[in-house]
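The letter at position 33 of the sequence shown is residue 42 when you use my numbering, and the numbering goes up by one with no holes.
Where is the CB? At the ideal position from N, CA and C, for every residue including glycine.
Below is one structure, written out as structure tokens, with a few remarks after it.
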Amino acid sequence: GSSEAVVSTQSTGADMQKKKAQEVILQQFNKLRQEQRMIAQKVSELKVDESEHKLVLDALNEVKDPNRKCYQLVGGVLVERTVQQVKPNLQNNSSKITSLITSLDKSLEVKAKELMDYKEKHGIKVKGEDAPEKDKKDGAAKPASSGVLVN
10 GSSEAVVSTQ STGADMQKKK AQEVILQQFN KLRQEQRMIA QKVSELKVDE SEHKLVLDAL
70 NEVKDPNRKC YQLVGGVLVE RTVQQVKPNL QNNSSKITSL ITSLDKSLEV KAKELMDYKE
130 KHGIKVKGED APEKDKKDGA AKPASSGVLV N
């Protein structure tokens, strides 16, 4: 979904320079968020590939005859091969995908920490993300005195 980010300011009469600085901060924040989303999306795609590889390998492990015909899609072309030709490549690809997922998961953790540090450093509040309990305790959400809102 689309969430909004707010940079809170102390003074109500923020001058143009301060506004520019806030815009730069928010652009950088949104860039970090976009990078995090892209990594998460790639991890998700790779997990689908990983499970497909596992399904095919499980099916090939059931085959007793290593010379049995099977078909592999290579660059959009269906190629006739044997089980013994296809299996080693699939196992190799599967292990590469698994290690890539592990690597990207670490990158995702680093990016998440970078994003949190950036939010804390610049006092960025994301609408619908931070402190929903406070609004419930106060009874009604109080409007921010001033700030920048980003979709």
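In chain order, what residues of the same chain have a beta carbon less than 6 Å from the beta carbon of residue i, not counting five sequence neighbours either side?
{"i": "V95", "result": "C79, Q81"}
{"i": "V88", "result": "Q81"}
Please state if the CB of residue j and the CB of residue i are separated by a distance shorter than 8 Å.
{"i": "L175", "j": "K51", "result": "Here the chain covers residues 10 to 160 and nothing more, so residue 175 does not appear."}
{"i": "Q161", "j": "N76", "result": "With the chain covering only 10 through 160, there is no way to say anything about residue 161."}
{"i": "Q45", "j": "L99", "result": "no"}
{"i": "I106", "j": "E59", "result": "yes"}
{"i": "I48", "j": "K120", "result": "yes"}
{"i": "I110", "j": "K29", "result": "no"}
So, helix, strand or coil for residue i, using DSSP?
{"i": "P152", "result": "Bear in mind that a pLDDT of 43 at P152, under 50, signals an unreliable position, so the number given afterwards is only what the model happens to contain. Three-state DSSP puts P152 in coil, outside helix and strand."}
{"i": "V157", "result": "At V157, the pLDDT of 47 sits below 50, so the modelled position is not reliable; the number obtained from the coordinates is stated separately. Here V157 sits in strand by DSSP."}
Leaving out five residues on either side along the sequence, give the residues of the same chain with a beta carbon under 7 Å from the beta carbon of residue i.
{"i": "N102", "result": "H62"}
Between the Cα of residue i and the Cα atoms of the options, which residue gives the shortest distance?
{"i": "D67", "options": "I48, I110, P97", "result": "P97"}
{"i": "Q43", "options": "K136, V86, L124", "result": "L124"}
{"i": "I72", "options": "T91, E138, S108, E32", "result": "The displayed chain sequence assigns Val, not Ile, to residue 72. For the residues T91, E138, S108, E32, the minimum Cα distance to V72 belongs to T91."}
Every unbroken alpha helix (DSSP H) within the stretch 96-148, with a cutoff of 4 residues, ordered by chain: Listed in chain order, the complete alpha helix (DSSP H) runs (minimum 4 residues) inside the stretch 96-148 are 141-147.
Segments assigned beta strand (DSSP E), at least 3 residues, entirely inside the stretch 18-98: Segments of the beta strand (DSSP E) lying fully in the stretch 18-98: 78-83, 86-91.
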